[in-house]
Every structure is written in C-alpha cells, then in structure tokens.
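I have placed the structure first, in the form of structure tokens, so that the comments after it can refer back to it.
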Amino acid sequence: MDCPICTKVPFDHCAYAYLLGLYLGDGHIVSKYRQHHLSISCNASQPGLIDAAEGAMRKVMPRPGTGRRLREGCVEVKSYTRHWTCMFPQHGPGKKHERSIVLEEWQQAIVDAHPWEFVRGLIHSDGCRTTNWTNRLVGGERKRYEYPRYMFANKSDDIRKLLTDTLTRLGVQWTVLARDGAPFNVSIARKESVALMDLHVGPKH
Ligand SMILES: [Zn+2]
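End of the sequence shown sits at 192 in the numbering used here; the numbers just go up one at a time, nothing left out.
If you want it as structure tokens, here you go:
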C-alpha cells in the first residue's frame, strides 16, 4: 500500500491541495466493513473536471483502483482504499456542516504552500463562475451591463472560512451572502479579484 501517512512515502502536495478542496466541497469517504473508498461527485457535463478529480486521486495515491459511476447527471469518481481516512482525517459520522472541520497542521502547511490549488478544488466542487447583469444609466441611456463573478455555496461555516481565509491571503476580496437568513454563499465580484480568479482558477469545464 502506498498511503503517505502510514508509509511516509512522499506524495504530490500540489495534487493534494486540489483534492482537499474537492473533498471538502463535494466529496465523501465510505469506510465500513469491506467497503472503503473516496468519492467525489462531478457534474456529468464537465468531463475536464472528472478527469482532473481522478488525476488528483491517482497522483496522491497511485496504487488504489479508481472507477466512475454515472447517476442522475452526476459522475461519482471513486478511489478504493481505506487509507483515504488517513489523508482526510476530517472524515466522521454525519454531514460536514454538522460537525467542526479543522485542518491538521500538515494539511494547513500544504494549503499554505499551494493556496490556489486549494481554492481551485473548492470552486470546482461547490463553486461556479457566473455572469450577473444589471441596468445602468449611461449618459441618460439605460444600458445592460454584465459582469462576471465567482460564487461558492456551502452550508459549513468552517469550510467557507477555510476558503475566505485563503482568499484573503491571496489578496482576493470576497463577501458572504445569506440564504434563508443564514450565511451561505461566498461571492467574489470585484473586477481585480475576478481577474485573479480567472488567472488561477477559471470556469469549470
Ligand atoms: Zn494510511
């Protein structure tokens, strides 16, 4: 077995930072008798993302078998080993937003070294790049004005904070929008910040 935690073999930190973002956003681990795997849900219409998720799994732990399963417009990308619980100690009973999500020191060190990969993983799972529009008066004329923005939707206060702390360190400005009276969406809409995100993250594909 090639689990980096159990065997101390070196592993790809860059791929791990991306995979950690995917896992915290839209992944889960199944760990029970004779059934152990990491699963990341991807939209079936985004083949680039599906390849990226499987590629990151294989870079972090090359030996376990991987597979894909199509279900209701979603592709679940899976990697079969019980050692994903070593790589993602955030695994636990219940939903992620119902328990506290804290990175271990070694995970935070990897995020600090590869912050954009982490942000990219989070946006590629629970985020998107959208176009908003508004009407503005320009020289007495009403004009439709479009602007791109990035959104990240997650119920977990801890996971949103992991994203926003990293964005702040990268010089990206953000705001949090509420849904049904509770904070839910991280929005990145300032022009310079969107440009930074376009450079390092980009839309899903
Ligand atoms: Zn292990």
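Idealized CB from N, CA, C, for every residue including glycine.
- Residue 16 has its CB no nearer than 7 Å to any heavy atom of ligand 1.
- For ligand 1, no non-hydrogen atom lies closer than 7 Å to the CB of residue 1.
- Under the three-state reduction of DSSP output, residue 67 falls in the coil class, being neither helix nor strand.
- Within the model, the alpha-carbon separation for residue 137 versus residue 175 is close to 5 Å.
- With respect to residue 190, residue 116 sits close: the two C-beta atoms are nearer than 8 Å.
- Membership of residue 112 in the alpha helix (DSSP H) is indicated by the continuous run 102 to 113.
- With respect to residue 29, residue 40 sits close: the two C-beta atoms are nearer than 8 Å.
- The residues -11, in chain order, have a CB closer than 6 Å to that of residue 48 in the same chain once the five nearest residues on each side in sequence are set aside.
- Less than 8 Å separates the beta-carbon of residue 3 from that of residue 97.
- For the pair residue 142 and residue 63, the Cα-to-Cα distance works out to about 21 Å.
- Going by C-alpha positions, residue 69 is about 33 Å away from residue 173.
- A distance of 8 Å or more separates the beta carbons of residue 164 and residue 12.
- Nearest Cα to residue 72 within the set 166, 18, 125: 18.
- Residue 76 places its beta carbon 8 Å or farther from that of residue 153.
- With a threshold of 16 other beta carbon atoms within 10 Å, residue 51 meets it and is buried.
- At least one heavy atom of ligand 1 sits closer than 7 Å to the Cβ of residue 70.
- For residue 179, the secondary structure class from DSSP, reduced to helix, strand or coil, is helix.
- In this structure, residue 120 places its C-beta atom within 8 Å of the C-beta atom of residue 131.
- The residues 159, in chain order, have a CB closer than 6 Å to that of residue 183 in the same chain once the five nearest residues on each side in sequence are set aside.
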